[in-house]
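Take the sequence shown: its letters are residues 4 to 229, numbered as in this note's numbering.
Backbone N, C-alpha and C fix where the C-beta goes; we use that ideal spot for every residue, glycine too.
Inspection log for the structure reproduced underneath, given as structure tokens.
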Amino acid sequence: MKTAVISCRTVEDEVTAAAARAGVDYPVTWLESGLHNTPNILRERLQETLDGLDAERVLLAMGYCGNAISGVRAGEHELIVPRVDDCISLLLGSVERRVEVSKELSAYFFTEGWMRGERNIWNEYLYTVEKYGEDMADTIMEMMYSHYKTLALLDCGVGDLDALSEQVRPLAEALGLERKRVGATLSYIEQLFTGPWDDERFLVVPEGGVIGEKDLRLKVSGTGLQ
């Protein structure tokens, strides 16, 4: 079956690495990271991209992104989507793992792809320093992110993680956050590429189907998340 992939630039490194490990070379269409801040525009861009693909099966290598994929029409494709709220859960391997780690660390998660994004915490910090000065910027950012205790680098074994950790040192110090690496995985993305697509981990939308709100409900045992 002719297969194509749609993914967010935020996880470009991880998706590329997972494809190599899975031994597939499906064509990938990348969506800009900044679209996550405008769910309606993300939904429109995703639909336009999907409608223009010449493929029988499309793998969506991203999460629900604030239910931005609700209402997306599969059209002439079979559409397969990981059952995760966002790319953080995708890289941690499950929503359950995301909840566990978040309870333990109260963390702001990032990867190299996040730091390259159009709007990220590092760019926000630099902009605030430029506009208000370093002391005021530190105060503003500390107020905005006071509920976090950790700046957590998701470690999938991809990229120069030492350099990335050093890049965010000034930000961590300004916000009073501890820098940590959190073990992450490419396995969920690999399974997206190879199957099997069991109902517990993947939403499979048949040709002609439409993603509805009820399709995007996440039930996580023992967490109260639904």
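- Pairing Glu181 with Thr142 gives a Cβ-Cβ distance that is not under 7 Å.
- Boundaries for Pro199: no alpha helix (DSSP H) harbours it, and the DSSP string shows neither H nor E there.
- The Cβ-Cβ distance between Ile9 and Thr41 does not fall below 7 Å.
- Taking 7 Å as the cut-off, the Cβ atoms of Glu47 and Val161 do not count as close.
- Per DSSP, Ala110 is one residue of the beta strand (DSSP E) stretching across Ala110 to Phe113.
- About 5 Å separates the Cβ atoms of Glu193 and Ala21, confirming a contact at the 8 Å cut-off.
- With a minimum length of 3 residues, the unbroken runs of beta strand (DSSP E) contained wholly in the stretch 115 to 198 fall at 153 to 158 and 181 to 186.
- Rounded to the nearest whole angstrom, the CA to CA distance from Lys183 to Ala175 is 10 Å.
- Per DSSP, the unbroken alpha helix (DSSP H) holding Val18 starts and ends at Glu15 to Ala25.
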